[in-house]
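Heads up: the structure comes next, in structure tokens.
Protein chains in written order, with the working numbering: chain X, 6 to 150; chain E, 6 to 328.
Now the structure itself:
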């Protein structure tokens, strides 16, 4: 199967190369596919809102980020559900920067929950905006704003 | 770390690896022979101190090696390869392994390089996936105990908006119950993640309007007809207005509205149609791409005229009229 609009030729070719398989200790008797239809999958966990509530209430840090040009899971939904948790805003909506440029916008909530957009990025943020993605990732891990 | 899992060379890369790489399988169910594949990249910074991050791509059904190859892995593949030949891989200056130890996990069994000897395992769901991934983590940290004290994060995108919180919840339950080894779990990241039917389903129309993909007039009409809720159309007018919205956006690249849509030249890769008549390609969402998912909820079926076309069958005009 091919995924709509996605070119997966490089990964498919590299990961199905015999020498690559051997080098990375992968089984060789089936082919690698970006996305498989081999599995029959059930979404049996319902809404994730309750999970986010429980995890953030326990003090675990969460960063919810959105490439703002993605139409698959648009940022408008992520922005809405993070706001719906009802947490107090501790860092008002503001631009964040990467390499001296505005890279998107962010809003911080109590309980260590942050929502953040990445301007001009599609669905897979590090693919479309590698530098900005690296900055948001490394700052989050380091506990920096 | 198990030396048998050490990756000593990467085909296409001629230099010295900037950090240690390991790859292999962890058996999460011995009786079924359910094995999950991982690729572990040690940090290029301070591996003994830097966080350990588990990365999960979505689908469901998509390999996390997507993240390794196309997103934040140590190499730039796109610039290094042309069809049919392995060229010189370059290092990725924005690799997430610059600041973290990162595990790319293919999950559930059946995805990417992960597999089961018992094919009934290929029928699975969110909860079993989370449980298996938790088992994987416990066993993985037993294999790599030197990383147990490092801060641990779980990250992913798209349908991993489900994987990440459900797995995080399992991890926390394990910690609270005193399950060993005790993971030093600190938090999680979700990018463009699936979260909730209502919020995700209602997001598209305001997004399409905000991005200028639909007119102000159409936005006002659909909003008025549907009362601001677009998942379950409340009446026929709402349904037909949503269809108009879909017509405005259906030819765009769903993953980035400003990017062209790539079409494979390989005819064997044309979309297949599932038994239900729905296209089954779903890289990053539970069912299908979002507009189709919206349609499915709208009408209880998806795109009745286009499905056969995608299957290579072009209906005649009388057939269309019959439908």
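Ideal placement from N, C-alpha and C gives every residue a C-beta, glycine not left out. Quick caveat: nothing in here was measured; it's all calculated off a predicted structure.
Buried/exposed call for residue i, threshold 16 Cβ in 10 Å
i                      : result
residue 99 of chain X  : exposed
residue 20 of chain E  : exposed
residue 112 of chain E : buried
residue 214 of chain E : buried
residue 209 of chain E : buried
residue 296 of chain E : Only weak support exists for where residue 296 of chain E lies, its pLDDT of 42 falling under 50; the value from the coordinates is given anyway. Result: buried.
residue 104 of chain X : exposed
residue 176 of chain E : buried
residue 141 of chain X : buried
residue 19 of chain X  : buried
residue 26 of chain E  : buried
residue 289 of chain E : Caution applies to residue 289 of chain E, whose pLDDT of 40 falls short of 50 and renders its modelled position unreliable; the model cannot decide the point.
residue 201 of chain E : buried
residue 237 of chain E : exposed
residue 31 of chain X  : buried
residue 35 of chain X  : exposed
residue 263 of chain E : exposed
Residue j beta carbon less than 8 angstroms from that of residue i
i                      : j                      : result
residue 122 of chain X : residue 113 of chain X : no
residue 123 of chain E : residue 37 of chain E  : yes
residue 60 of chain E  : residue 15 of chain E  : no
residue 43 of chain X  : residue 33 of chain X  : no
residue 31 of chain E  : residue 43 of chain E  : yes
residue 63 of chain E  : residue 165 of chain E : yes
residue 205 of chain E : residue 91 of chain X  : no
residue 137 of chain E : residue 41 of chain E  : yes
residue 39 of chain X  : residue 62 of chain X  : no
residue 162 of chain E : residue 198 of chain E : yes
residue 170 of chain E : residue 146 of chain X : no
residue 68 of chain E  : residue 37 of chain X  : yes
residue 46 of chain X  : residue 125 of chain E : no
residue 131 of chain E : residue 74 of chain E  : no
residue 193 of chain E : residue 158 of chain E : yes
residue 128 of chain X : residue 261 of chain E : yes
residue 231 of chain E : residue 218 of chain E : no
residue 136 of chain X : residue 191 of chain E : no
residue 267 of chain E : residue 11 of chain X  : yes
residue 207 of chain E : residue 153 of chain E : no
residue 127 of chain E : residue 115 of chain E : yes
residue 143 of chain X : residue 133 of chain X : no
residue 102 of chain E : residue 49 of chain E  : yes
Listed by chain order, chain E residues near residue i by CB distance under 9 angstroms
i                      : result
residue 143 of chain X : 101, 103, 104, 105
residue 49 of chain X  : 130, 131, 132, 133
residue 136 of chain X : 98, 99
residue 35 of chain X  : 118, 120
Listed by chain order, chain A residues near residue i by CB distance under 7 angstroms
i                      : result
residue 195 of chain E : This model lacks chain A altogether; the protein chains it does include are X and E.
Residue i: contacting residues in chain E (beta-carbon distance under 7 angstroms)
i                      : result
residue 90 of chain X  : Within 7 angstroms Cβ-Cβ: nothing; residue 90 of chain X doesn't reach chain E, min ~11 angstroms.
residue 131 of chain X : 76, 77
residue 41 of chain X  : 66, 115, 116
residue 46 of chain X  : 65, 66, 129, 130
Within chain X, partners of residue i - CB distance below 9 angstroms
i                      : result
residue 20 of chain E  : Correct list: empty, because the minimum Cβ distance to chain X is about 15 angstroms.
residue 209 of chain E : 76, 79, 81, 82
Closer than 8 angstroms at the beta carbon, the chain E residues around residue i
i                      : result
residue 115 of chain X : Result: empty, since nearest Cβ-Cβ is about 14 angstroms, beyond 8 angstroms.
residue 62 of chain X  : Going along chain E, no residue has its Cβ under 8 angstroms from residue 62 of chain X, so there is no contact; the nearest lies around 11 angstroms.
residue 85 of chain X  : 204, 207, 208
residue 72 of chain X  : 196, 197, 261
residue 52 of chain X  : 200, 201, 202, 203
Residue i: contacting residues in chain X (beta-carbon distance under 8 angstroms)
i                      : result
residue 163 of chain E : 77, 78, 128, 129
Under 8 angstroms: do the segment 94 to 104 of chain E and the segment 57 to 73 of chain X share three or more Cβ pairs, one atom per stretch?
no
Please list the residues of the segment 165 to 188 of chain E that have a C-beta atom closer than 7 angstroms to any C-beta atom in chain X, keeping them in chain order.
166, 167, 170, 171, 173, 174, 177
Measuring CB atoms only, is the segment 216 to 223 of chain E touching the segment 181 to 198 of chain E, in the sense that at least three cross pairs come out at less than 8 angstroms?
no
Proximal residues, the segment 239 to 264 of chain E versus chain X, C-beta separation under 9 angstroms
254, 257, 258, 259, 260, 261, 262, 263, 264
For the segment 9 to 22 of chain X, enumerate the residues whose C-beta is nearer than 9 angstroms to any C-beta of chain E, in chain order.
9, 10, 11, 12, 13, 14, 15, 16, 18, 19, 20, 22
What residues in the segment 22 to 53 of chain E have a beta carbon less than 7 angstroms from any beta carbon of chain X?
28, 29, 42, 44
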